[in-house]
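For reference, the structure is listed below as structure tokens.
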Amino acid sequence: AQKVTQAQTEISVVEKEDVTLDCVYETRDTTYYLFWYKQPPSGELVFLIRRNSFDEQNEISGRYSWNFQKSTSSFNFTITASQVVDSAVYFCALSDPGVNNAGNMLTFGGGTRLMVKP
Amino acid sequence: GAGVSQSPSNKVTEKGKDVELRCDPISGHTALYWYRQRLGQGLEFLIYFQGNSAPDKSGLPSDRFSAERTGESVSTLTIQRTQQEDSAVYLCASSLGWGPPYEQYFGPGTRLTVT
Chain A
1 AQKVTQAQTE
11 ISVVEKEDVT
21 LDCVYETRDT
31 TYYLFWYKQP
41 PSGELVFLIR
51 RNSFDEQNEI
61 SGRYSWNFQK
71 STSSFNFTIT
81 ASQVVDSAVY
91 FCALSDPGVN
101 NAGNMLTFGG
111 GTRLMVKP
Chain B
1 GAGVSQSPSN
11 KVTEKGKDVE
21 LRCDPISGHT
31 ALYWYRQRLG
41 QGLEFLIYFQ
51 GNSAPDKSGL
61 PSDRFSAERT
71 GESVSTLTIQ
81 RTQQEDSAVY
91 LCASSLGWGP
101 PYEQYFGPGT
111 RLTVT
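Line by line, the protein sequences give chains A and B.
No gaps in the numbering here: position 26 of the first sequence is 26 in this note's numbering, and each next residue is one more.
No gaps in the numbering here: position 84 of the second sequence is 84 in this note's numbering, and each next residue is one more.
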């Protein structure tokens, strides 16, 4: 069965601090995709990144970086020099097309609420 | 360009009433998904459409839930005889294609409150 666990339900940091959001996943398949989405207070989910299981290269996009480690089934997300506008709920998600009939269905973690204080 | 839109944005209904939630996907997107987000929780997959076909309805919480899609456009999620546990935000997403995961674009959601 697929499962995504985000153990940190809530994190509070002060602006300019670095913060890492943890994501651990479970899947039986060797081909799968991992995602991060941001949900600001407005409620609309914003896509941040997609990573396939064959690409373990870490990725950096501005202040965002992602660390994918298959050995520990983790796909952690780091925000460097956090800003107040980063305050949101962040979701990690897994798509495991080979296991179910729902193809692109996303299995979401419970989310981590990040609060960045000025 | 226009994103995924959903209506209504908020719906308050009395227990036992039926409700219809609407999703307009991005034009040209063949795949459409419905998710439910209970307060303070992650998203729970409900159903998907490939074109106007829904191959797998097992994610729907009960037989009170049903969904339809007209061609590759509008979809409606209907909840009959609403219960208080149906209160949640219902999110719709669409993606350009099928198979290897295309990015899903989410709408703003419909907040349903059953009193």
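Glycine included, every Cβ here is placed at the ideal spot set by N, Cα and C.
None of the values given here were measured: they were computed from a predicted structure.
State yes or no: is the beta carbon of residue 47 (chain A) nearer than 7 Å to at least one beta carbon in chain B? Residue-level contact check: residue 47 (chain A) touches chain B, since one or more beta carbons of chain B fall below 7 Å from its beta carbon.
CB of residue 40 (chain B) within 7 Å of CB of residue 108 (chain A), strictly: Remark: C-beta atoms of residue 40 (chain B) and residue 108 (chain A) do not approach each other more closely than 7 Å.
Within 10 angstroms of its Cβ, does residue 18 (chain B) collect 16 or more other Cβ (buried), or is it exposed? exposed
Ignore the nearest five residues each way along the sequence and tell me which others in residue 104 (chain A)'s own chain have a CB closer than 8 Å to its CB. 95 and 97
Going by Cα to Cα distance, which pick from B:104, B:94, B:86 and B:96 is closest to residue 111 (chain B)? B:86
Sort out for me which residues DSSP pairs residue 37 (chain B) with in a bridge. B:43 and B:89
Going by C-alpha to C-alpha distance, which of B:5, B:83 and B:68 sits closest to residue 51 (chain B)? B:68
So is residue 81 (chain B) buried or exposed if we call it buried at 16+ other beta carbons inside 10 Å? exposed
Interface residues of chain B around residue 109 (chain A) at Cβ under 7 Å? 42
Kindly indicate which three-state DSSP category residue 72 (chain A) falls into: helix, strand or coil? helix
Closer than 9 Å, Cβ to any Cβ of chain B: which residues of the stretch 56-84 of chain A, in chain order? none
Could you check if residue 83 (chain B) is buried or exposed, using at least 16 other CB atoms within 10 Å of its CB as the buried criterion? exposed
Cα-Cα, which of B:16, B:31 and B:64 is closest to residue 106 (chain B)? B:31
Name the DSSP beta bridge partners of residue 115 (chain A), please? A:12
In this structure, how does DSSP classify residue 84 (chain B) when only helix, strand and coil are distinguished? Three-state result, residue 84 (chain B): helix.
When you compare the CB of residue 103 (chain B) with every CB in chain A, is at least one pair closer than 7 Å? Yes, because at least one Cβ of chain A sits closer than 7 Å to the Cβ of residue 103 (chain B).
Compare the beta carbon distance of residue 85 (chain A) and residue 111 (chain A) with 7 Å and say whether it is the shorter of the two. no
Excluding the 5 residues preceding and the 5 following residue 30 (chain A) in the sequence, name in chain order all residues of the same chain whose CB lies nearer than 7 Å to its CB. 53
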